[in-house]
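Participant: What follows is a single structure, and I will ask about it in a moment.
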Amino acid sequence: MMVKKSSRLTIVSTLLLVPLAILLLTAAGGQEAEGPVEISFMITPADLPDEDIAQFNETHPNIRLVRTEENWTKFVSDAMAGTASDLMRLGSGSDVSYYVERGLFYDMTEMLQNSEKIDFEDIDIQGNIEYRYQDRWYGLGKDYNNVSGITYNRDIFDAAGISYLSETERITYQELYQIAEELTQRNESGNVTTWGYDFSPTWIPFLASDIAYMKGVEIFTPDKTQINDIPEVRDIFKFFAKFPVNDISSNVRNPVPGWSGAAFAADRVGMVQLGYWFGAQLQENEDYEEKYGWAPSPVWEKGGPIVTNNLGVTGVVMYSGTDHPEEAFEVFEWYIAGEIAEKRATTGWGIPPLKSLQDELPRNNEYNRSRLEIALEDAKHFRQAQSSPYITNTMWQGVWTSNIDPLVRGEITEDEFVDNYFEDLNELLEAGAAELQ
Amino acid sequence: MALRSAIERQRRLSFYTFILPWLGGFLLLQAVPIGWGLVMSFTNRSAFGRNLRFVGVENYIKLLTDPEVLYSFWTTLVFTISSTLLAVLLGLLFALLLERNVPGRGAFRTLLFFPYLIPLVAVGWIFRIFLERDTGFLNVILMNLGVTDRAVPWLASFPRASMIVLLIWMSGWSMIIFLGGLSTVPNELHEVATMDGARYFRRLRHITLPLLSPFILFQLVMSFIYAMQEFIRPFIMNPRPMRGVQLTDSAPPPETFFVMAKAYHTIVGQHRFALGLALLWILFVAVLVLTMLFLRFGGVWVYSEVEDKR
């Protein structure tokens with residue numbers, strides 16, 4: 089049976105047009121409908137639980153708050169497509185300059201200055217400093233910490249016969265190294281069973297920045313497109329490389345099970361620099377009050393300048409392409425200054441970004457009092473981490489990780505390590521700078 | 506004649522009508538992105554770049570003169586050849602053993618094929634835990650047997666070998682292919698050879714392997730292509746500690762920083778799209794050329810009942 093020409097045309101047209109229509113209808117699904125405005129918040133469930141979302145949605149009928157998976161890889165592709173979440177939880181505020189230079193974060197300065205919920209004068213400037221770039225505000229920390237502050241395991245100190253650290257007198261970084269060396273334990277076959285000290289590669293830019301400030305040098309060249317390759321800066325990275333090279337910290341040869349904090353909680357690490365928030369996590373252990381001690385951030389030289397950091401502070405930023413900045417800011421205000429913020433402050437997982445909420449922090453026992461006092465003292469010496477708008481902290485961390493192994497294995501010298509490390513960093517900085525030209 | 510031509514037209518029309526949705530999908534979702542990727546690899550495209558410009562083969566030259574990239578290709582090739590050969594040889598061995606009517610044959614076949622059914626990510630995690638230095642089961646066994654008195658950090662000291670072992674564990678797929686191939690070998694040939702006094706290994710050499718050779722070549726080629734594109738397992742079996750961050754945030758050690766993983770890291774971790782895309786194109790060409798060479802020279806020893814008319 090022959091099919092008429094007109095019928096053939098109908099079949100072909102249908103086959104072509106139906107998928108196209110479906111495609112268009114799907115695309116049109118994003119158009120605004122009547123009802124509350126949807127604000128998406130890229131954040132972990134731990135930092136924005138379902139019950140808080142439900143509570144917000146109940147009390148704010150004009151907004152429907154939804155949580156999206158925290159995934160910065162997805163953020164990059166979403167931002168390229170102009171469809172990123174309205175609000176984001178940013179792991180480290182030191183990345184603010186990188187994203188601002190690429191036009192991705194909303195300038196919230198006027199919003200914060202005119203906010204009725206957040207008193208601008210109430211903002212703890214020093215604690216939130218990483219969210220200020222070129223005198224403009226791009227968000228606030230959800231809570232901050234003295235991440236260079238020391239937490240130590242008294243049992244491991246006792247086993248090594250080392251006296252506890254002072255809560256008021258700062259040790260130097262050299263002393264930190266010596267104590268860590270003495271704390272490190274190996275079994276008969278030479279494998280490390282207890283590491284004296286451990287740090288994550290994420291910490292490196294911040295600890296290096298503190299030391300650079302204390303030495304009075306800059307890690308980057310003035311235009312931020314290169315690493316400042318001078319002996320003082322090289323020595324900072326050589327100093328941190330010594331820990332894994334000498335098996336005092338975890339390395340590819342003697343890796344810690346899990347990450348530094350988990351290994352510390354499992355009595356496998358003597359000291360960590362994690363600061364105030366870590367104290368809340370350690371309270372999950374029964375004998376936490378007796379077992380863990382606190383000490384302020386180390387200094388480079390006794391009697392020298394004191395500089396500490398807050399690892400960039402985990403905070404909240406707004407996507408510059410949001411269609412609903414007012415509603416997104418309403419969520420922001422609630423998250424930073426509302427009931428959820430008060431609740432967060434009482435847990436002792438971090439120092440609130442608003443001074444008025446800092447009275448809510450737990451001081452119920454010696455343990456909580458001690459870690460808080462040290463944190464607040466350290467906070468007085470916070471400095472904005474030396475960073476470059478041409479590289480993210482994650483990129484920086486990746487460069488350390490890929491370069492440290494050959495040094496640990498003894499395949500290259502210390503100087504070759506620094507050369508390779510700087511070369512890789514400079515390549516990324518150069519690419520980042522070229523991106524903005 | 507006119508009727509015949511009308512029927513032919515009708516057939517063609519039906520063919521193109523039915524293939525049209527697929528063709529549309531292919532063009533829109535595959536050909537266009539692939540073409541876009543090729544074009545972008547000749548530019549300075551980055552995630553948030555402001556001025557897109559054509560840079561010619563600059564990215565390709567940069568990659569082909571970068572010792573880290575060349576090492577990545579080298580280690581990918583070493584991994585591919587080792588894992589492919591071992592997986593195919595083991596699969597063949599298992600197939601030959603389980604072709605026979607031995608007790609528990611079905612159970613063994615199931616057991617050997619079972620690892621292949623477990624998702625890639627789960628297999629990676631199983632091996633990561635199995636090979637862990639302090640709590641890994643392998644070290645517990647070896648130390649209890651007195652083979653070693655020192656817990657070995659397998660993932661850190663032997664990252665590539667750990668990955669190869671994992672792939673060998675999954676050689677059940679090759680076994681299934683070869684069992685299928687063995688079932689096509691006519692039994693009469695074995696019977697005749699046996700009557701002529703040929704023993705097992707002689708029959709294996711002169712009957713089984715030649716008739717199985719097309720399957721072996723197929724399996725070698727497919728395993729080779731898959732192994733060259735190994736991606737997620739190096740990240741899962743990364744000996745470095747993980748802390749709630751994305752699996753791909755931390756680069757694997759150089760030995761297992763295979764080309765696909767490196768390209769992903771360049772694109773996603775460093776936001777250098779054009780460079781990463783160029784790396785993927787180099788990988789594509791390398792796989793294509795090596796596969797063609799493989800087929801060209803592999804075909805020499807493959808038995809075929811179809812007469813070669815070359």
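These protein sequence lines are chains A and B, in that order.
Start counting the first sequence at 89; every next residue gets the next number (the numbering used here).
Start counting the second sequence at 506; every next residue gets the next number (the numbering used here).
Beta carbons: idealized from backbone N, C-alpha and C, even for Gly.
1. Using the three-state DSSP reduction, which class does isoleucine 131 of chain A fall into: helix, strand or coil?
2. In chain order, what residues of the same chain have a beta carbon less than 7 Å from the beta carbon of serine 476 of chain A, not counting five sequence neighbours either side?
3. Between the Cα of aspartate 466 of chain A and the Cα atoms of A:Gly349, A:Asp512 and A:Gln214, which residue gives the shortest distance?
4. To which residues of the same chain is leucine 295 of chain A closer than 8 Å at the C-beta, ignoring the five residues directly before and after it?
5. Pick from A:Leu399, A:Val506, A:Ile336 and A:Asn514: whose alpha carbon is nearest that of tryptophan 291 of chain A?
6. Please report whether the beta-carbon of aspartate 195 of chain A lies at a distance below 8 Å from any beta-carbon of chain B.
7. Tell me which residues share the same chain as leucine 178 of chain A and place their Cβ nearer than 6 Å to its Cβ, disregarding the 5 neighbours each side in the sequence.
8. What first and last residue would you give for the beta strand (DSSP E) that runs through aspartate 231 of chain A?
9. On the three-state DSSP scale, how would you describe alanine 383 of chain A?
10. Determine the DSSP secondary structure at threonine 640 of chain B, reduced to helix, strand or coil.
11. For phenylalanine 553 of chain B, does the three-state DSSP call read helix, strand or coil?
12. Show which residues of chain A have a CB atom less than 8 Å away from the CB atom of glutamate 637 of chain B.
13. Considering only C-alpha positions, which residue in the set B:Ser679, B:Val764, B:Pro715 and B:Pro664 is nearest to proline 691 of chain B?
14. Give me, in chain order, the residues of the same chain whose beta-carbon lies closer than 6 Å to that of glycine 227 of chain A; leave out the 5 immediate sequence neighbours on both sides.
15. Say whether chain B places a C-beta atom closer than 8 Å to the C-beta of glycine 118 of chain A.
16. For phenylalanine 618 of chain B and arginine 610 of chain B, I'd like the C-alpha separation in whole angstroms.
17. Have a look at leucine 575 of chain B and glutamate 760 of chain B and give me their C-alpha separation to the nearest angstrom.
18. In angstroms, rounded to a whole number, what distance separates the CA positions of isoleucine 673 of chain B and leucine 591 of chain B?
19. Of the residues A:Arg224, A:Asp223 and A:Gly284, which one's Cα is nearest the Cα of asparagine 241 of chain A?
20. Under 8 Å: do the stretch 193 to 211 of chain A and the stretch 378 to 386 of chain A share three or more Cβ pairs, one atom per stretch?
21. With H, G and I counted as helix, E and B as strand and the rest as coil, what does DSSP make of glutamate 427 of chain A?
22. Can you check whether the C-beta of glutamine 775 of chain B is within less than 8 Å of a C-beta belonging to chain A?
23. Between the alpha carbons of methionine 90 of chain A and glutamine 515 of chain B, how many angstroms are there, rounded?
24. Counting only runs of 4+ residues fully inside the stretch 540 to 599 of chain B, write out the alpha helix (DSSP H) ranges in chain order.
25. Pull up the DSSP beta-bridge partners for leucine 625 of chain B, would you.
26. Given that a residue counts as buried once 16 or more other Cβ atoms are within 10 Å of its Cβ, and exposed if not, what is tryptophan 541 of chain B?
27. Short of 8 Å Cβ to Cβ, which residues in the stretch 321 to 350 of chain A face chain B?
28. Could you name the residues of chain A that aspartate 754 of chain B contacts, counting a contact when the two beta carbons are closer than 8 Å?
29. Identify every residue that forms a DSSP beta bridge with leucine 175 of chain A.
30. Closer than 8 Å by beta-carbon distance: list the chain B residues that pair up with aspartate 493 of chain A, in chain order.
31. Strictly under 8 Å for the Cβ-Cβ distance: is serine 182 of chain A near chain B by that measure?
32. With DSSP as the reference, label glycine 117 of chain A as helix, strand or coil.
33. According to a CB-to-CB cut-off of less than 9 Å, which residues of the stretch 716 to 739 of chain B neighbour chain A?
34. In angstroms, rounded to a whole number, what distance separates the CA positions of serine 277 of chain A and phenylalanine 799 of chain B?
35. Using a Cβ-Cβ cut-off of 8 Å, state whether serine 490 of chain A counts as contacting chain B.
36. Beta-carbon separation of alanine 661 of chain B and valine 340 of chain A under 8 Å?
Facilitator: With the given structure in hand:
1. coil
2. Phe308, Lys312 and Leu517
3. A:Gln214
4. Ser236, Phe287, Phe328, Gln361 and Asn397
5. A:Leu399
6. no
7. Gly403 and Val405
8. 227 to 231
9. strand
10. coil
11. coil
12. Pro345
13. B:Pro715
14. Tyr219, Gly403, Val404 and Val405
15. Low confidence applies here, because glycine 118 of chain A scores a pLDDT of 48, under 50, leaving its location unreliable; read the following figure in that light. No, no contact with chain B.
16. 12 Å
17. 12 Å
18. 6 Å
19. A:Gly284
20. no
21. helix
22. yes
23. Residue confidence for methionine 90 of chain A is low, a pLDDT of 48 falling below 50, so the modelled location carries little weight and cannot support an answer.
24. 563 to 569
25. The partner list for leucine 625 of chain B (beta bridge, DSSP) is empty, contrary to what the question assumes.
26. exposed
27. Ser338, Val340, Arg341, Asn342, Pro343, Val344, Pro345, Gly346, Trp347, Ser348, Gly349 and Ala350
28. Thr482, Gln485 and Gly486
29. A:Phe129 and A:Met406
30. Pro758 and Pro759
31. no
32. The pLDDT assigned to glycine 117 of chain A is 47, lower than 50, so where the model puts this residue is not dependable; a value taken from the coordinates is nonetheless given after this. Coil, per DSSP.
33. none
34. 46 Å
35. yes
36. yes
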